[in-house]
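Colleague: Have a look at this one.
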């Protein structure tokens, strides 16, 4: 008989909760919060504009940094090619050409 209880899966315990009292303070606070949210939509739009301005500034900054990186890379590659050509031409490395 004990073995049957060992392999039997346990079921979750459930209960039905019904509130027994009315919380007037909580209801009043919820109403005040709803009124405040409706009133602060304009403030939210201002904050949203500030946020989008900040994000736009960051994306423009990162794009300009990408352009600067590419330009710097191109200049370095050009100087390396010029240096390699000069080294082969005037450094008696003609066998590489």
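Residue numbers (the numbering used here): 7 to 103. Quick reminder that beta carbons are idealized off the backbone N, C-alpha and C, glycines included.
(1) Taking only runs that begin and end inside the segment 77 to 101, name each unbroken beta strand (DSSP E) of 3 or more residues, in chain order.
(2) For a test of the three-state rule: what should DSSP assign to residue 26, helix, strand or coil?
(3) Out of curiosity, what's the CA-to-CA distance linking residue 88 and residue 73?
Modeller: Concretely, from the data shown:
(1) none
(2) coil
(3) 23 Å
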